[in-house]
Every structure is written in structure tokens, then in C-alpha cells.
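The structure under discussion appears below in the form of C-alpha cells.
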Amino acid sequence: SLMTWWLTRENLLKQRDDTAVSRVLSNAVTVSGDLQGQNIAWERLLSSLPTPEGAQPVILYKDEWHAKNAVEFGQDAIPASLRAAVEAGQPSTMRYSHDGLPYLTVGVPIPAAQAAYFEGVPLEEVQKTLDGLAISLLGAAALTTLAGGLIGYLVSGRALLPLADVRDAAEAITQGNLDTRLVMSGDPDLDALSGSFNDMAQALQDRLERDARFASEVS
């Protein structure tokens, strides 16, 4: 269950990463072209970028930050280490939690325009999918464990049944029933044990009968 959950998680996150990076690179090209003008309509530019529902585009332009929704996701929502890497000219991605929600943020430098483009992609839907999968796998693992334990108990009971017959036969002999013998079951391993027990019981019976005859003859 843990392996299935981990592989599914890695696959989902990798798909989301690849999709986000490809889209952010395309949007960065669009932003780079729009930043060549003099009068930039930031609200129109940010709203025109093709982003999935919930994604938050942010542009750093000449040390000024512009966000589509600055209250929900602005400059402060981007980790300092990610900002530093992108401002140094290194495209970067980072997964982290912001306001209790998981995010994947991708940053791309636009050196020609002295700018950088960031996009925060919420991973809440992926997290819900993984949580649901974890619950299902844990439930399946619990049911499988219980079923395996029950089957093991029943099988072990049947496997130990011949040993119970040996115990009963030994108790019968101690009570004086010297003619008690074990029945061959057809199992090679158990038949070897039964044969050895029967030989021992027969030897004991013969010995006691000889002792009884000797005592009788002496009398």
C-alpha cells in the first residue's frame, strides 16, 4: 500500500510539474513580448495569461511586483530562496505550503526585460486525490490483514489437529489404555510421526506385558 501510494504520488506530481513548467515557459514568452511596450496594463496582462483555475501569476518588473491577486498570492507568497534563484537567472520550481494550502511555484527569469515571471499552482486537488487513495489503501490493507489472520488461524488449526490427536493418544496411554494407536492419515510427515508413536506405544505395551508375565511366573 505504501509503495502504491508513493508511486502514484510521484507520478501525479511529476505530471503536474511538467505541465506547469511547460505552461509557465510559454507564458513567460508572452510576458516578455508585452513588457516591450511603454504603458503596460498589468491587470489586463495578468488576466490574459492562460492559467488553470486557481493558478496565480506574478510578475517582477524592475524591482516592482505585480500580481493578479496580491492579497491571496503576491510577493510574500513566493519563498525568498525561489525569488533569489530566479533573480540570479536560474529557472526554478518549488513545492511548499502557503496559508495552509500546498502550492507548486515555478519561476522563470526574463533578463531581456529585467523581469521575472512566477506562477503559483495550487496542489490541493492532487492532495485530496492522494488522501483519498491513502484511505482506500489503508482500508484495503486492514481488510487484507484481518482476512489473512483469519485464514491463517483456520489453516493452523487444521494443521495442528494431528498434534492434538497425538496428545489425546498419549493421555490415553498414561491412563492405562495401552492399545491406543494413531491412525495413518496419508501425509508422509505425519505418518512418520504416527508410525514412531505407534512403535513406541507397542514397545511399551510389550514391555509391560512381559513384566506382568514374569511377575506371574515368579509368583
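Going by our numbering, the sequence shown opens with residue 11, and the numbers climb by one from there. Yeah, the Cβ is synthetic: ideal placement off N, Cα and C, and Gly gets one too. Keep in mind it's a predicted model, so treat the numbers as computed, not measured.
So residue i is in the alpha helix (DSSP H); what residue range does that whole segment cover?
i	result
Q66	Q66 -> not in any alpha helix (DSSP H); beta strand (DSSP E) instead, spanning 66–71.
G43	12–44
L92	90–97
So which of the options has the shortest CA-CA distance to residue i?
i	options	result
V118	V165, V31, M13, P132	V31
Y106	E97, G99, V116	V116
E181	Q137, A211, A98	A211
S60	A123, W75, L35	The residue asked about is misnamed: residue 60 is Pro in this sequence, not Ser. Ranking the options by Cα distance to P60, first place goes to L35.
G99	V81, V228, L148, Q124	Q124
F207	Q137, R220, D175	D175
S57	L164, N79, L218, L114	N79
D199	L173, S11, Q137	L173
I need the boundaries of the beta strand (DSSP E) containing residue i, first residue and last residue.
i	result
M104	102–108
E63	That residue, E63, is in no beta strand (DSSP E); it is neither H nor E in DSSP.
Out of curiosity, what's the CA-to-CA distance linking residue i and residue j?
i	j	result
L22	L133	10 Å
W16	D141	12 Å
P62	T40	16 Å
W52	F83	15 Å
V193	S204	7 Å
A151	G158	10 Å
A259	T154	Residue coverage of the chain in this structure runs from 11 to 229, which leaves residue 259 outside it and unanswerable.
K72	L55	16 Å
L188	L214	8 Å
S226	T190	24 Å
E20	V131	17 Å
R93	T18	30 Å
T184	L164	30 Å
A77	Y127	10 Å
M13	R26	20 Å
message: Suppose only complete runs of 4+ residues qualify. What are the alpha helix (DSSP H) ranges in the segment 174–203, listed by chain order?
response: none
- prompt: Is it true that the segment 106–118 meets the segment 48–55, where meeting means three or more beta-carbon pairs spaced less than 8 Å apart?
  reply: no
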